[in-house]
Structures are given as C-alpha cells and as structure tokens.
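**Q** Heads up: the sequence lines are chains U and S, in that order. Quick note: the first sequence uses the working numbering, first residue 1399, plus one each step. Quick note: the second sequence uses the working numbering, first residue 977, plus one each step. For every residue, glycine included, the Cβ atom is placed at its ideal position computed from N, Cα and C. A single structure is presented below for examination.
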Amino acid sequence: MKILIIVPAFNEEASLPGVLRDLREQMPSADVLVVNDGSEDSTSRTARDRGVKVVDLPFNLGIGGAVQTGYLYAAHQGYDVAVQFDGDGQHLGTEIEKLLKPLEEGVADIVIGSRFLAPGAYKAPLFRTLGIWIFSVVLSRILSTAVTDSTSGFRAANRKAIEFFAGRYPDDYPEVEALVLSHKAALRMTEVSVAMRERTAGKSSITPLRSVYYMTKVLMAIFIDLLKKVR
Amino acid sequence: MDLLKILAIIGSGALLVVVIELIRRGRLKERYSLLWLLAGAVLLVLSSSRGFLEYVSRMVGIFYPPSFLFLIAFLFLLLITLHFSVVLSSLSERSKKLAQELALVREELENLKRSGLDSGK
C-alpha cells in the first residue's frame, strides 16, 4: 500500500522539524509531502533539508488549496492512501495507524481523527466547544453519520476519495465543507478517536472573538454546499 | 423637449460612446461589453421617446415615468455586478488551478534534473 502523508505548511519553520522527525520515526514506510503554501519564512528550506518531498505554491492559497495540491500529487503519483497531517505539530505520528485501519478494512473511504470521541480527552475554549457542538449536531443530521470533530484536519483518504478531492476540494472552510461534498459524492466516512497535542508553535487562526462570526459563515457555507451539484 | 429628456439622452448616449470607444481601443473585451452596450441602447431608446416611456411605465404600473428609467438602469447594474461575480469566481478558480499545477510541475522538474545529474556522474 503506497501511503502519502500530506503536510500543509504556511510559515511553519519552527514546528516543521519536530513534525517531520515524528513522521519519520512513526511512519518510515510512508512518503511525506510538504505543501509549502507560499510561506514567507524558510518552511521550504527546512523541509528540503530533511529529505522529504516539497511542493512550493507560488502564493498563499489557504489550507483548502494547499491540501488539494497534496491530493493532486497523490492522484498523479498513484498513491493508494493519503493522510492529511497539519504542519503545526498538533497531530501525532503515533495516531496515524488508527486512521488507516478502517481504510484497510474497506469500511470507509474517508477517516477523520476526532479529539472528542474519548470523553474529556481534549479541552478547548468554551466558545470553540460550543461551536464544535453545533457543527456536530448539524453535520450529523446532514451526513446521517455521527461526526464529533468536523474541523479536524487529521484525516485519511483512500484512492476513491483522493481522486474526488483532487478534482474538487472546497476553499473557504475546507475541513467542514469537504465532508458535505464527500457525502454528496456518496463517499463513506467514519471517525476514529485520536489524541492531539496542544499546538507547539504559531497560533490558531480562530480567536474566541471571531468564533461566532466564523460559525455563522461556516453554517452558511454548509447550506450552500448542499445546493451544489456534485458530479 | 424637457430638460430631463435631454439629460437622459446625453447620459445614455455618452455611456454608449464610452463603451464603444473602450472596445475600439482594446481596453474592454467584447465579452464584458455586451451588457453595457445593451444597457446603453435600452436606456437611449427609453429616454428618447417620451410617449414610449410613458406607455411602458403605465403598463408595469409605474406612474412617474423617470423612475422607470432608474429601475431599468438599476436592474442592468445588478445584472452587470452579478456577471462580474461569476467571472471573478471562475478567474479565482483558474488562478488556484494554475498555482497548483505550477507547483507540481516545478517539483517534477526538480526531480528530473536531480535524476539527470545522478545518472550523468
């Protein structure tokens, strides 16, 4: 099984060495692709020095465009499985095996690593918890499968899902919207419980102040996605 | 001829002249000028014949004919901005695709160069 680990990275020179070391130790047989999303720091250099594959986007596309670049690469190069793994250090290499299992068993096309399946495992700020809860209620209804951690960027996709995402991946709120589009494309998804680390460097793009505004926009995006024609 | 009519004719006539001149100089693509030309032509026709303007205004239930002129101009602007949003969406999708393809091709080229160097040794 050819596995590609897609690491989207925007100005992650500080956390990238740790992430890449983690991946080399835990997943020595998998290929690692760092998608440098138009970073202004030495993200690209840092990744190249560590011998992983690197693609440099000429300007910043945002997380959706960067992840899709990884899926395009996986589709072109004939990978069987692609794993999305954040460059900021919050995901753990030890947890990847858990994501791969449902794909190997053939019970899902997309596997989402969830922080919230194990009760009390992860503490998020109050506003975020509330927002995540609302997403989970809305999405679980739409997707007709329980989704507890829809904003998780820790995912694995099989060949079928790789090809779908290579052709179509959302830009605005990609984690959440990708689930809605996959559902419309009749891809099967499942969640597995994973541990995540607090971020090691850099800061979250979601501040408490923006949470409510963000939530409204995401909910609107979800409903707009429902109107979209898929294939 | 009342002043309003003269102003309306000058206004819509000027719009047509400006649009045609922009096309002639190659500053405006035909594809993006069709709606502008149509807007100019319709407004010119409506403003040059008072009787016709009054007739169509009455027909749609507007009793102050000049406001029908505003309505038409407003609808055209709405249509043109919507058209722009569509064009903008397709352009941003294309520029994203280009950026992705460029990045992937560059990676492939580097690989080729590297393997070429290795075999050349």
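(1) Distance check for W1012 (chain S) and H1059 (chain S), CA to CA, integer angstroms please.
(2) Just the C-alpha distance for T1598 (chain U) and D1486 (chain U), rounded to the nearest angstrom, thanks.
(3) With respect to the alpha helix (DSSP H) encompassing D1447 (chain U), which residues constitute its N-terminal and C-terminal limits?
(4) Going along chain S in order, which residues have a C-beta closer than 7 Å to the C-beta of V1453 (chain U)?
(5) In chain order, what residues of the same chain have a beta carbon less than 6 Å from the beta carbon of F1408 (chain U), not counting five sequence neighbours either side?
(6) I'd like the span of the alpha helix (DSSP H) that includes T1527 (chain U), first residue to last.
(7) Which of helix, strand or coil does DSSP assign to T1492 (chain U)?
(8) Taking the continuous beta strand (DSSP E) assigned at D1429 (chain U), which residues delimit it?
(9) Can you pull the DSSP bridge partners for K1451 (chain U)?
(10) P1456 (chain U) versus chain S: which residues are under 8 Å apart at the beta carbon?
(11) At which residues does the beta strand (DSSP E) containing L1402 (chain U) begin and terminate?
(12) Within the 7 Å Cβ cut-off, does K1072 (chain S) reach chain U?
(13) For G1463 (chain U), return the contacting residues in chain S, with the cut-off set at a CB-CB distance below 8 Å.
(14) N1087 (chain S): buried (16+ other C-beta within 10 angstroms of its C-beta) or exposed?
(15) Can you tell me the Cα-Cα spacing of L980 (chain S) and L1045 (chain S), whole angstroms?
(16) Considering only the alpha carbon of each residue, which of U:D1484, U:L1455, U:G1476, U:Q1482 lies closest to E1077 (chain S)?
(17) Helix, strand or coil for R1657 (chain U)? Go by DSSP, reduced to three states.
(18) Among the residues of its own chain, which have a CB less than 7 Å from the CB of V1430 (chain U), if the five just before and after it don't count?
(19) For the putative contact between V1536 (chain U) and I1622 (chain U), defined by C-beta atoms under 8 Å, what is the C-beta separation to the nearest angstrom?
(20) Check the Cβ of Y1477 (chain U) against every Cβ in chain S and list those closer than 9 Å, keeping chain order.
(21) 7 Å is my cut-off, CB to CB: does T1467 (chain U) come that close to chain S?
(22) Shortest alpha-carbon distance to D1633 (chain U) belongs to which of U:L1498, U:R1513, U:F1514?
(23) Would L1585 (chain U) and A1559 (chain U) be called neighbours here (beta carbons separated by less than 7 Å)?
(24) The beta strand (DSSP E) with A1480 (chain U) in it runs from where to where?
(25) Kindly indicate if chain S contains any beta-carbon less than 7 Å away from that of L1459 (chain U).
(26) Tell me which residues share the same chain as A1473 (chain U) and place their Cβ nearer than 6 Å to its Cβ, disregarding the 5 neighbours each side in the sequence.
(27) Just tell me which of S:S1095, S:L1093, S:E1069 has its CA closest to the CA of Y1567 (chain U).
(28) Would you identify the three-state DSSP class for V1545 (chain U), choosing helix, strand or coil?
**A** In this structure, then:
(1) Here residue 1059 (chain S) refers to the residue found at position 83 when the second sequence is read from its first residue. Here residue 1012 (chain S) refers to the residue found at position 36 when the second sequence is read from its first residue. H1059 (chain S) and W1012 (chain S): Cα-Cα distance of roughly 11 Å.
(2) Taking the first sequence and counting its residues from 1, the one referred to as residue 1598 (chain U) is at position 200. Taking the first sequence and counting its residues from 1, the one referred to as residue 1486 (chain U) is at position 88. Legend: pLDDT at T1598 (chain U) = 48, less than 50; position of this residue unreliable, value from coordinates given subsequently. Whole-angstrom Cα-Cα distance: 7 Å.
(3) Taking the first residue of the first sequence as position 1, residue 1447 (chain U) is located at position 49. From DSSP, the alpha helix (DSSP H) with D1447 (chain U) extends over 1441–1447.
(4) Counted from its first residue, the first sequence places residue 1453 (chain U) at position 55. Under the 7 Å cutoff, chain S gives A1079, L1080, E1083.
(5) Here the question's residue 1408 (chain U) lines up with position 10 in the first sequence. Closer than 6 Å at Cβ, skipping near neighbours: D1435, S1437.
(6) Within the first sequence, numbered from 1, the residue matching residue 1527 (chain U) stands at position 129. Start and end: 1524–1541.
(7) Counting from 1 along the first sequence, the entry for residue 1492 (chain U) is found at position 94. Of the three classes helix, strand and coil, the one that applies to T1492 (chain U) here is helix, per DSSP.
(8) Working through the first sequence from its first residue, we reach residue 1429 (chain U) at position 31. Where D1429 (chain U) is concerned, the enclosing beta strand (DSSP E) stretches over 1429–1434.
(9) Translated into positions along the first sequence, residue 1451 (chain U) becomes position 53. For K1451 (chain U), which the question treats as bridged, DSSP gives the partners U:L1431.
(10) For the purposes of this step, residue 1456 (chain U) is taken as the residue at position 58 of the first sequence. Ordered by position in chain S, the residues that pass the 8 Å Cβ test against P1456 (chain U) are A1075, L1078, A1079.
(11) Taking the first sequence and counting its residues from 1, one reaches residue 1402 (chain U) at position 4. 1401–1407 is the extent of the beta strand (DSSP E) around L1402 (chain U).
(12) Taking the second sequence and counting its residues from 1, one reaches residue 1072 (chain S) at position 96. Judged by the 7 Å Cβ criterion, K1072 (chain S) is in contact with chain U.
(13) One-based indexing of the first sequence puts residue 1463 (chain U) at position 65. The answer, in chain order, is K1072, A1075, Q1076.
(14) The sequence position of residue 1087 (chain S) within the second sequence is 111, counting from 1. The residue is exposed, with fewer than 16 neighbouring Cβ atoms inside 10 Å.
(15) Residue numbering aside, residue 980 (chain S) sits at position 4 when the second sequence is read from its first letter. Residue numbering aside, residue 1045 (chain S) sits at position 69 when the second sequence is read from its first letter. Whole-angstrom Cα-Cα distance: 11 Å.
(16) Along the second sequence, read from residue 1 onward, the residue named residue 1077 (chain S) stands at position 101. Per the Cα distances, U:L1455.
(17) Outside the modelled stretch of chain U, which goes from 1399 to 1629, sits residue 1657 (chain U), for which no answer is possible.
(18) The residue given as residue 1430 (chain U) occupies position 32 in the first sequence. Taken in chain order, the residues that qualify are I1403, V1405, L1418, L1421, V1450, K1451.
(19) Sequence index remark: in the first sequence, residue 1536 (chain U) carries index 138 (1-based). Sequence index remark: in the first sequence, residue 1622 (chain U) carries index 224 (1-based). Actually they are not in contact, since the Cβ atoms of V1536 (chain U) and I1622 (chain U) sit about 13 Å apart, beyond 8 Å.
(20) Numbered from its first residue, the first sequence carries residue 1477 (chain U) at position 79. Ordered by position in chain S, no residue passes the 9 Å Cβ test against Y1477 (chain U), which lies about 14 Å from the chain.
(21) In the first sequence, residue 1467 (chain U) corresponds to position 69, counting from 1. For T1467 (chain U), the answer is yes, since a Cβ of chain S falls inside 7 Å of its Cβ.
(22) Here chain U has residues from 1399 to 1629 only, and residue 1633 (chain U) is not among them.
(23) Against the first sequence, residue 1585 (chain U) aligns to sequence position 187. Against the first sequence, residue 1559 (chain U) aligns to sequence position 161. Yes.
(24) Indexing the first sequence from 1 puts residue 1480 (chain U) at position 82. Residues 1479–1482.
(25) Sequence index remark: in the first sequence, residue 1459 (chain U) carries index 61 (1-based). True, the Cβ-Cβ gap to chain S drops below 7 Å.
(26) The residue labelled residue 1473 (chain U) in the question sits at position 75 within the first sequence. Cβ neighbours of A1473 (chain U) beyond the five flanking positions: I1560, E1561, A1564.
(27) If you number the first sequence from 1, residue 1567 (chain U) lands on position 169. Here the closest residue by C-alpha is S:E1069.
(28) Taking the first sequence and counting its residues from 1, one reaches residue 1545 (chain U) at position 147. Coil.
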